[in-house]
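Those protein sequence lines, which keep their order, are chains A and B. For this note's numbering, add 173 to where a residue sits in the first sequence, where the first one is 1. For this note's numbering, add 16 to where a residue sits in the second sequence, where the first one is 1. Written below as structure tokens is the structure these notes are about.
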Amino acid sequence: MTVSDTAWKSAAPPPAPLSTKSPKSRTRKPVRAHGWRNVVWVLPAVLLLGLFAYLPLVQNLGFSFLKWDIYSGRQTFVGADNYVRMFNDPIFWKSLLNNTLYAVISIAFQVFGAMILAAMIEGLRSQRWRGILRAIYFVPSAISLTVAGLLFYFIYEPEMGILNAALDALGLGNFTQAWLGQENTAIFAIIAMSQWQGFGYCTLLFSVALQRIPSELYEAASIDGVGPFQRFFSISLPLVREMTGLMMIVTVSGAFQVFNEVMVMTSGGPNNSSQVLGTWLYRSGFVRNDFGYAAAVATAVFIITLVLAVIQLRISKKRRVQW
Amino acid sequence: MVTRSALLLVLGRVLIKAFLVALAVVVIYPLVWMLLNGVKSNAELFSNPFAMPVAWKWDNYITAWNRGVGNYLTTSVLVTVASTIATVFISAWAAYGLTRVNIPFNRVVLILILGGLMLAPTVALIPLVKMFQSLGLYNNLWALLILYTAFRVPFTTFLIRAYMMDLPAEVDEAASVDGASKARTFWQVILPMCKPILVSTVLLNILFTWNEYLFAMVFTSGGALQTLPVGLTNLMSKHGTDYPVVFAGMAIAAIPVIVLFFAGQRYFIRGLADGVGK
């Protein structure tokens, strides 16, 4: 989700009176044009966001300096203690590492993989096939991460899952294992599921970006004898650069907010090996009743996503390639 | 020379198409497997995972429905419909206020609403729990309705606002010449003109709400209040050995959104594309 370059330039310079038939707007001074009554249009949105998005954000910062037992309700100010504990907590670092793995692998598959895939699809001559393939690839993105997570829980399951069965059938029986039950494979198995779930969404967006490139560019290049590979690298790639940048940020930002699939597939186990910041936050607060600490982890998530959002904004503000 | 390169080109096309089709099969197979497992018996499930169902036990769906999936579905429909309507109206009002009406501190309001795009639900989670507990809305569907609406308004406003900005100013002027108030202009002129983007935002919000897990898990407990994503994990942990029923439940959760996507594909794509790259 992004904010485009035009998004911050407010749309509403008071409309210049085009016709003399509306004397009202001619005599109205700019200052008086701001009617306080008009606030009702934005009031519900502002109230909702203020109360349930911004206020909690500020409160969270306050909570992160408390030791807080939610059952007894007792809160004690402990200064930066939660942050000190967080920086000395190996599971926090493990979670951060897992989120980073998530981000790196997702950039490889969901951004660059999807881009190449979109170029392949848009290169097909049959419009019907292009539509069918884009739609099929997108289907996993329509279902919930809960269903996807449960589904892959079964796929990875050693007894009844199709992954081990498929490996056996291909003569790769040596590679069969309890994918989600081992510390060294659990997080990768989850990330793999997430690629299956999300790549179609990115492919669809890249397809849209590629469709916006005028076909004359490709035709001209063909006439000049430029091959398909070079056409991809010298026309498609530069012209979807903005989309690529945005997709990278969206993907990375999503990677640091992962929660659902990890919770459903492993709850962060075995032995915290697949813990991510979201699940560690949840576990710290709601299972270990350490809400001050959970708030500190939430602050870490906030800072990471804020930095990414600022980068995203800067990319969006740059002018697009002109053609 | 020419024929050889032409041959290579044809070969390349065939290879690419074969690859894309093979990938499509790999992508869609897990979902087919899910649907097939939903009509198998437990014994069949463990014998050969690739086999077709023998028994075709459609009553797995009925069992799943009676074990709570029916309730979860009702709750999901209720929350999805209510929060989608609330989100789209509140966002359309805000977009109208930001683009076609003069409001004080226009810019501040704009930054406040669109800034919500970068807020992650996890960051607000702990204070929200405390807040809803003190409001007496913990374990209450109002909590989900409020939270889904609050966290979806920024993106929805962003989309509708971009669309409204492209509508010519003459439209409002014509309406005001005819003596229409701002409110009437909104309901009778601007809103109908925004229909395409409204359909997109409705679909995207349905998809989001139907699939949301974090808030649904934290803010509700007990079968009658749980939505499908949370209910399914319960079905799994409570009746863990009766896997075909779990698969049937998953299918019940997945099929409506897949159907919705295919029915409204055009609008989905428009909304998604405008959301990222406009």
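All residues carry an ideal CB built from backbone N, CA and C; glycine is no exception.
Cα separation between residue i and residue j?
{"i": "ALA279(B)", "j": "PHE311(A)", "result": "13 Å"}
{"i": "ALA196(B)", "j": "ILE285(B)", "result": "35 Å"}
{"i": "ALA130(B)", "j": "GLY208(A)", "result": "Inspection of the sequence shows that residue 130(B) is occupied by Leu rather than by Ala. Going by the C-alpha atoms only, they are around 22 Å apart."}
{"i": "PRO184(B)", "j": "ALA166(B)", "result": "29 Å"}
{"i": "PHE35(B)", "j": "ILE176(B)", "result": "38 Å"}
{"i": "LEU219(B)", "j": "GLY398(A)", "result": "44 Å"}
{"i": "ALA159(B)", "j": "ARG404(A)", "result": "52 Å"}
{"i": "VAL213(A)", "j": "VAL124(B)", "result": "15 Å"}
{"i": "GLU356(A)", "j": "VAL431(A)", "result": "19 Å"}
{"i": "LEU276(B)", "j": "MET181(B)", "result": "28 Å"}
{"i": "ILE364(A)", "j": "LEU216(A)", "result": "41 Å"}
{"i": "ARG487(A)", "j": "ILE422(A)", "result": "11 Å"}
{"i": "LYS202(A)", "j": "VAL117(B)", "result": "Model confidence at LYS202(A) stands at a pLDDT of 38, short of 50, so the residue's coordinates are unreliable; what they give is reported in the following sentence. The straight-line gap from Cα to Cα measures roughly 15 Å."}
{"i": "ARG303(A)", "j": "SER314(A)", "result": "18 Å"}
{"i": "TYR374(A)", "j": "PHE250(A)", "result": "45 Å"}
{"i": "LEU288(B)", "j": "ALA178(B)", "result": "13 Å"}
{"i": "MET241(B)", "j": "ASP463(A)", "result": "Before going further, note that residue 241(B) is Leu rather than Met in the sequence given. Each residue's alpha carbon lies about 26 Å from the other."}
{"i": "ILE106(B)", "j": "GLY458(A)", "result": "32 Å"}
{"i": "LEU340(A)", "j": "VAL284(A)", "result": "28 Å"}
{"i": "PRO411(A)", "j": "GLY418(A)", "result": "11 Å"}
{"i": "GLY247(B)", "j": "GLY238(B)", "result": "9 Å"}
{"i": "VAL169(B)", "j": "PHE348(A)", "result": "47 Å"}
{"i": "ASN227(B)", "j": "ALA40(B)", "result": "23 Å"}
{"i": "ARG258(A)", "j": "LYS240(A)", "result": "12 Å"}
{"i": "ARG205(A)", "j": "ASN122(B)", "result": "Note that ARG205(A) scores a pLDDT of 44, beneath 50, so its modelled location is shaky and nothing firm can be said."}
Just the chain B side, please: which residues come within less than 7 Å of residue i by C-beta, in chain order?
{"i": "VAL209(A)", "result": "For the record, residue 209(A) in the displayed sequence is Trp; it is not Val. Ordered by position in chain B, the residues that pass the 7 Å Cβ test against TRP209(A) are PRO120."}
{"i": "PRO294(A)", "result": "A small fix is needed here, since residue 294(A) is Ile in this sequence, not Pro. Within chain B, the residues near ILE294(A) are LEU36."}
What residues from chain A crowd round residue i, counting only those whose CB sits closer than 7 Å?
{"i": "GLN281(B)", "result": "ALA308"}
{"i": "GLY113(B)", "result": "ASN211, TRP214, VAL215"}
{"i": "LYS33(B)", "result": "LEU297"}
{"i": "PRO245(B)", "result": "SER317, THR319"}
{"i": "SER99(B)", "result": "What SER99(B) touches in chain A: nothing, since even the nearest Cβ is about 11 Å away."}
By the criterion of Cβ-Cβ separation under 9 Å, what are the contact partners of residue i in chain B?
{"i": "ILE421(A)", "result": "The sequence given here has Met at residue 421(A), not Ile. Chain B residues near MET421(A): none, gap ~11 Å exceeds 9 Å."}
{"i": "VAL219(A)", "result": "ALA110, VAL125, LEU128, ILE129"}
{"i": "LEU230(A)", "result": "LEU135, VAL139, ALA140, PRO143"}
Would the beta-carbon of residue i fall within 9 Å of that of residue j?
{"i": "THR237(A)", "j": "ALA359(A)", "result": "Checking the sequence shown, residue 237(A) turns out to be Ser, not Thr. Result no, Cβ atoms of SER237(A) and ALA359(A) do not sit closer than 9 Å."}
{"i": "TYR227(A)", "j": "LEU151(B)", "result": "no"}
{"i": "GLY86(B)", "j": "ALA264(B)", "result": "no"}
{"i": "VAL470(A)", "j": "LEU481(A)", "result": "no"}
{"i": "GLU215(B)", "j": "TYR283(B)", "result": "It should be pointed out that residue 215(B) corresponds to Val in this sequence rather than to Glu. Yes, they are a contact pair."}
{"i": "ALA394(A)", "j": "SER380(A)", "result": "no"}
{"i": "THR115(B)", "j": "THR217(B)", "result": "no"}
{"i": "VAL413(A)", "j": "ALA382(A)", "result": "yes"}
{"i": "THR376(A)", "j": "ALA287(A)", "result": "yes"}
{"i": "MET209(B)", "j": "VAL193(B)", "result": "no"}
{"i": "TYR229(B)", "j": "THR319(A)", "result": "yes"}
{"i": "LEU251(B)", "j": "VAL262(B)", "result": "yes"}
{"i": "ASN233(A)", "j": "VAL449(A)", "result": "no"}
{"i": "LEU135(B)", "j": "THR273(A)", "result": "no"}
{"i": "SER99(B)", "j": "TYR164(B)", "result": "yes"}
{"i": "THR236(B)", "j": "LEU144(B)", "result": "no"}
{"i": "LEU47(B)", "j": "ALA270(B)", "result": "yes"}
Which one of the options has the shortest CA to CA distance from residue i?
{"i": "ARG210(A)", "options": "VAL41(B), ALA110(B), PRO120(B)", "result": "PRO120(B)"}
{"i": "PHE429(A)", "options": "GLN384(A), TRP302(A), ALA276(A), VAL470(A)", "result": "ALA276(A)"}
{"i": "ARG385(A)", "options": "GLU415(A), GLY373(A), MET366(A)", "result": "GLU415(A)"}
{"i": "ASP242(A)", "options": "ILE477(A), VAL483(A), ARG461(A)", "result": "ARG461(A)"}
{"i": "TYR329(A)", "options": "PHE285(A), ILE316(A), PHE361(A)", "result": "PHE361(A)"}
{"i": "GLN368(A)", "options": "ALA281(A), LYS267(A), ASN261(A)", "result": "ALA281(A)"}
{"i": "LEU161(B)", "options": "ALA110(B), THR243(B), THR217(B), TYR77(B)", "result": "THR243(B)"}
{"i": "PRO229(A)", "options": "LEU23(B), VAL30(B), VAL139(B)", "result": "VAL139(B)"}
{"i": "THR79(B)", "options": "ALA289(B), GLY287(B), TYR259(B), GLN281(B)", "result": "TYR259(B)"}
{"i": "SER440(A)", "options": "LEU323(A), ALA292(A), ILE484(A)", "result": "LEU323(A)"}
{"i": "ALA71(B)", "options": "SER63(B), GLY84(B), ARG83(B), SER57(B)", "result": "SER57(B)"}
{"i": "VAL483(A)", "options": "PHE231(B), LEU61(B), LEU133(B)", "result": "LEU133(B)"}
{"i": "VAL474(A)", "options": "MET50(B), GLY28(B), LYS73(B), ILE142(B)", "result": "ILE142(B)"}
{"i": "PRO387(A)", "options": "ALA342(A), MET438(A), ALA218(A), GLU295(A)", "result": "GLU295(A)"}
List the residues of chain A that residue i touches, going by C-beta distances under 9 Å, in chain order.
{"i": "SER197(B)", "result": "Simply none; closest approach about 11 Å."}
{"i": "ILE274(B)", "result": "VAL312, ALA315, ILE316"}
Mind listing the chain B neighbours of residue i? Cutoff is C-beta to C-beta under 8 Å, in chain order.
{"i": "TRP453(A)", "result": "Within chain B, no residue comes near TRP453(A); the closest Cβ sits about 10 Å away, beyond 8 Å."}
Using a cut-off of 8 Å between C-beta atoms, extract the partners of residue i located in chain A.
{"i": "LEU278(B)", "result": "Looking at the sequence shown, residue 278(B) is not Leu but Phe. In chain order: ALA308."}
Would you mind listing the alpha helix (DSSP H) stretches within the region 45–122 of chain B that are 4+ residues and don't spill past its ends, in chain order?
Qualifying alpha helix (DSSP H) stretches, in chain order: 58–63, 75–80, 86–115.
At 3 residues or longer, and completely inside the region 151–209 of chain B: list those beta strand (DSSP E) runs for me, N to C.
none
3 or more residues per run - each beta strand (DSSP E) lying fully within the region 290–336 of chain A
none
List, from N- to C-terminal side, the alpha helix (DSSP H) runs of 4 residues or more that fit wholly inside the region 196–280 of chain A.
196–200, 203–206, 216–222, 228–236, 254–260, 263–279
Can you list the beta strand (DSSP E) stretches of 3 or more residues lying completely in the region 351–382 of chain A, in chain order?
Counting only runs of 3 or more, we get nothing.
Which runs of the alpha helix (DSSP H) fall wholly inside the region 416–448 of chain A and span at least 4 residues, in chain order?
433–438
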